[in-house]
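Participant: Here the protein sequences line up with chains A and B, keeping their order.
Note that the working numbering has the first sequence beginning at 156, numbered continuously upward.
Note that the working numbering has the second sequence beginning at 156, numbered continuously upward.
Idealized CB from N, CA, C, for every residue including glycine.
Quantities reported herein were computed from a predicted structural model and do not represent experimental measurements.
There are 2 protein chains.
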Amino acid sequence: MSVTVLLDELKRVVEPALRASVEAIADEQMRLIAGYQLGWNDEFGNATDAGGKAIRPALAVLSAQAVTGSPDAGIAPAVAVELVHNFSLLHDDVMDRDIERRHRKTGWVAFGEAQAILAGNAMLVRAVEVLLETGEAGARSLPALLDATQILISGQSRDLLLEGRSSVEVDEVVEMEAGKTAALLACSSSIGALAAGADPATVAALYTYGHELGIAFQLVDDILGVVGDPRRTGKSSSSDVRAGKRSAPIVAALTSGTAAGDRLTELLKDGPPTTEQDVALATELIRDSGGLEWAGAQADARLAKALAAIAVLSLTDPAAAQLAAIADFIVNRDR
Amino acid sequence: MSVTVLLDELKRVVEPALRASVEAIADEQMRLIAGYQLGWNDEFGNATDAGGKAIRPALAVLSAQAVTGSPDAGIAPAVAVELVHNFSLLHDDVMDRDIERRHRKTGWVAFGEAQAILAGNAMLVRAVEVLLETGEAGARSLPALLDATQILISGQSRDLLLEGRSSVEVDEVVEMEAGKTAALLACSSSIGALAAGADPATVAALYTYGHELGIAFQLVDDILGVVGDPRRTGKSSSSDVRAGKRSAPIVAALTSGTAAGDRLTELLKDGPPTTEQDVALATELIRDSGGLEWAGAQADARLAKALAAIAVLSLTDPAAAQLAAIADFIVNRDR
């Protein structure tokens, strides 16, 4: 089974519970925006089908299945991580002024900033409620979800603070990106097992798998932000270069100490490149200074660590093999 | 003991736990903003003493004391409701573009919109964590906190949606204001008892006390927004009239069917009054149409209901008498 088909299947396993969780939000407007954010309806409430790949809930379900043989204990945790993920997307889009997501207007563009922030809050609170409603399993897994959410919030805060700084180190960027991406993926990859009552060593190994996978995932995203094919990424070519983003490969290039890195520093010193020629030159310099190669090698190393973390566990198949396949799929997409 | 002294004392009971809860936020920037919002430090981290009256934590502590004779079971709930209250203040100030609170810049003015939103999120998540850390008592009281938070979010959403509408009914305004103020006061007034394991009837009566008190509190706020003494409210005279706010007494005036109400509708049809003469005229018409009298009578009736709800319980003194004294203080301040 291809990973795309697998992800579709796992999405169908979680979807009824995810829909029920949103339907339980009492406020009509908050429900409307949550449904829009999740791709289920347009801004007037008409049904649509515009959801994403739902990787986080897939991992949550598989992490339960890998330790118990059944997805059941992972379903509420899957709903909770997807709600937290979408809470952060709704808020981050406001803060980052992003106007498009999955070929649609972002939440704040469709509903206004305030309503988008409020709907994010409602989804966050709902995530906590969903876990609590499962009793003991929920109480056991809720602290992990809250931890991940605090790290996610902190990662976004540091991302915005780094944007305002003139010089940034690669380690700071990787740590910030770990907060923004790896924390919730680590939580997603272990929370189902945690809810199912798995032993701490297994939960910790699954957490490591998700954490390393998350960093690899972000590094690949960063590479695609420099050299991704617009037809596959749905973004403009060199989108991060145009936006003046200080992603890990770009900072690696800037701080490489190479001639190309120094030329890049000079080129970007007054802000993002404004002509097509300069965009192409900056992209070329990021490549020449080894920034992309470094990020690719890092992503591969992180993927290897992720796979190694779960290889030593005695997990049940096919879930164990599927966790490995998803990791490979995420890191090797479009490269 | 005067109510002001009592509130100060209760604040001191809760403060160490509240400070510890904020210190446990790992992110330095989030901690800084939380401390600013709570009045403990300026935007550079220097210690200040600019906190508010902390009515919600006082009620939470008293609700535990009233059923057990000790404040202890109410302390974590008190911290949690104060964190949720400040989460909502941080976010609402962004949405309402309010630039000053307690004679200081609001959080978003001091730290930027994005950081203020993120710090609000961190305080909300921390509130959940604080309750969970108390084990069974926390698990018992957390659903009540989450319920109140959802209603709070919904109230703010409806407030903003009502602003954009040309005609509004008094009932809609009172319901919206109940969401914005009464839900968290109701939660605060009962959550300590809930955590302490009080019987459902007692918890429900304390909830009713807080809910009615919350509506009365808001109605008094609305009256002061029309005719409050600037020296006591710290706001300009007729501040709600100037801001074009559709508070309960103003909507009651507009929909009164009186000649004064109709003149008011005509006066405000193109927006808030712009001259001092028109501000004075609008204020006069709100009074003449009975809007203020209606709100005052409503506030008195709600206060009576609040007091009646707890009068029938067998609560321990002095907490029971103090709950009554606080209600009277809140509703009869500055009138």
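Closer than 8 Å, CB to CB, is valine 499 of chain B near chain A or not?
Facilitator: Because chain B in this structure spans residues 156 to 490, residue 499 of chain B falls outside the shown range and cannot be described.
Participant: Going by DSSP, what residue range makes up the alpha helix (DSSP H) through alanine 221 of chain A?
Facilitator: Unbroken alpha helix (DSSP H) run through alanine 221 of chain A: 210 to 223.
Participant: Does DSSP classify alanine 493 of chain B as helix, strand or coil?
Facilitator: This structure cannot settle anything about residue 493 of chain B, because the visible part of chain B is limited to 156 through 490.
Participant: Please check if any C-beta of chain A sits within less than 8 Å of the C-beta of isoleucine 254 of chain B.
Facilitator: So, not an interface residue.
Participant: What number of angstroms, rounded off, separates the C-alpha of asparagine 196 of chain A from the C-alpha of glutamate 183 of chain A?
Facilitator: Distance between the alpha carbons of asparagine 196 of chain A and glutamate 183 of chain A: 13 Å.
Participant: On the criterion of 16 or more Cβ atoms from any shown chain inside 10 Å, does glycine 224 of chain B qualify as buried, or is it exposed?
Facilitator: exposed
Participant: Excluding the 5 residues preceding and the 5 following threonine 289 of chain A in the sequence, name in chain order all residues of the same chain whose CB lies nearer than 6 Å to its CB.
Facilitator: Ala231
Participant: So which residues on chain A does leucine 286 of chain B lean against when the C-beta distance must stay under 8 Å?
Facilitator: Proximity of chain A to leucine 286 of chain B at the Cβ level (cut-off 8 Å) is not reached, the minimal Cβ distance being about 10 Å.
Participant: Using 8 Å as the limit for Cβ to Cβ distance, is isoleucine 346 of chain A near chain B?
Facilitator: The Cβ of isoleucine 346 of chain A sits no closer than 8 Å to any Cβ of chain B.
Participant: Under 8 Å by Cβ, that's how I've got leucine 368 of chain B and valine 358 of chain B pegged, so tell me the actual separation to the nearest angstrom.
Facilitator: Their Cβ separation, rounded to whole angstroms, is 16 Å, which puts leucine 368 of chain B and valine 358 of chain B out of contact at 8 Å.
Participant: Tell me which residues of the region 176 to 201 of chain B have at least one Cβ-Cβ distance to chain A shorter than 8 Å, keeping chain order.
Facilitator: Ile180, Ala181, Asp182, Gln184, Met185
Participant: Can you pull out the residues from the region 262 to 282 of chain B whose beta carbon lies closer than 9 Å to at least one beta carbon of chain A?
Facilitator: Gly267, Glu268, Ala269, Gln270, Ile272, Leu273, Ala274, Gly275, Asn276, Ala277, Leu279, Val280, Arg281
Participant: Can you give the Cα-Cα distance for alanine 274 of chain B and serine 309 of chain A, rounded to whole angstroms?
Facilitator: Rounded to whole angstroms, the gap between the alpha carbons of alanine 274 of chain B and serine 309 of chain A is 9 Å.
Participant: Comparing alpha-carbon positions, which option in B:Ala337, B:Thr438, B:Pro428 lies nearest threonine 304 of chain B?
Facilitator: B:Ala337
Participant: Nearest chain A C-beta to proline 232 of chain B closer than 8 Å, yes or no?
Facilitator: no
Participant: Name, please, each residue of chain B whose Cβ falls closer than 7 Å to the Cβ of leucine 297 of chain A.
Facilitator: Leu287
Participant: I need the DSSP call for arginine 320 of chain A, collapsed to helix, strand or coil.
Facilitator: coil
Participant: Cβ of serine 343 of chain B less than 8 Å from any chain A Cβ?
Facilitator: no
Participant: Which residues bound the alpha helix (DSSP H) around isoleucine 180 of chain B?
Facilitator: From DSSP, isoleucine 180 of chain B is part of no alpha helix (DSSP H); its letter is neither H nor E.
Participant: Measuring only between beta-carbons, confirm whether alanine 415 of chain A sits less than 8 Å from chain B.
Facilitator: no
Participant: Quick one: using the 10 Å Cβ neighbour count with 16 as the cut-off for buried, is methionine 250 of chain B buried or exposed?
Facilitator: Buried, because 16 or more other Cβ atoms sit within 10 Å of the Cβ of methionine 250 of chain B.
Participant: Where leucine 423 of chain A and glycine 380 of chain A are concerned, what is the direct C-alpha to C-alpha distance, given to the nearest angstrom?
Facilitator: Cα-Cα distance, rounded: 16 Å.
Participant: Considering Cα atoms alone, identify which of B:Ile378, B:Ile405, B:Glu170 is closest to alanine 233 of chain B.
Facilitator: B:Glu170
Participant: Beta carbons nearer than 9 Å to chain B: which residues of the region 392 to 412 of chain A have them?
Facilitator: Cβ contacts with chain B come from no residue of the region 392 to 412 of chain A.
Participant: Report the neighbours of threonine 304 of chain B on chain A: residues whose CB is nearer than 7 Å to its CB, in chain order.
Facilitator: What threonine 304 of chain B touches in chain A, judged by beta-carbon distance under 7 Å, is Val280, going in chain order.
Participant: Against alanine 294 of chain A, what residues of chain B qualify as contacts under a CB-to-CB distance less than 8 Å, listed in chain order?
Facilitator: Leu287, Ala294
Participant: May I have the straight-line CA-CA distance separating leucine 409 of chain A from phenylalanine 484 of chain A, to the nearest angstrom?
Facilitator: 29 Å
Participant: Taking glutamate 327 of chain A as the reference, which of A:Leu340, A:Gln311, A:Ala341 has the closest Cα?
Facilitator: A:Gln311
Participant: Using alpha carbons as the reference points, say which of B:Leu468, B:Glu268, B:Ala403 lies closest to valine 325 of chain B.
Facilitator: B:Ala403
Participant: Starting from serine 312 of chain A, find everything on chain B with Cβ-Cβ shorter than 7 Å and list it in chain order.
Facilitator: Asp182, Gln184, Met185, Gln270, Leu273
Participant: Mind listing the chain B neighbours of leucine 447 of chain A? Cutoff is C-beta to C-beta under 7 Å, in chain order.
Facilitator: The premise fails here: leucine 447 of chain A is roughly 29 Å from chain B at the closest Cβ pair, so nothing lies under 7 Å.
Participant: Taking just the CA atoms, how far does asparagine 241 of chain B sit from glycine 206 of chain B?
Facilitator: 11 Å
Participant: At a CB distance below 8 Å, what residues from the region 460 to 477 of chain A approach chain B? Give them in sequence order.
Facilitator: So nothing in the stretch comes that close.
Participant: Listed in chain order, which residues of the region 241 to 252 of chain B have Cβ atoms closer than 7 Å to some Cβ of chain A?
Facilitator: Answer in chain order: His246, Met250.
Participant: From A:Ile405, A:Asp425, A:Gly426, pick the residue whose C-alpha is nearest to that of glycine 416 of chain A; which is it?
Facilitator: A:Ile405
Participant: Given this structure, state the Cα-to-Cα distance separating leucine 419 of chain B from leucine 286 of chain B, to the nearest angstrom.
Facilitator: Taking the straight line joining both Cα atoms gives about 48 Å.
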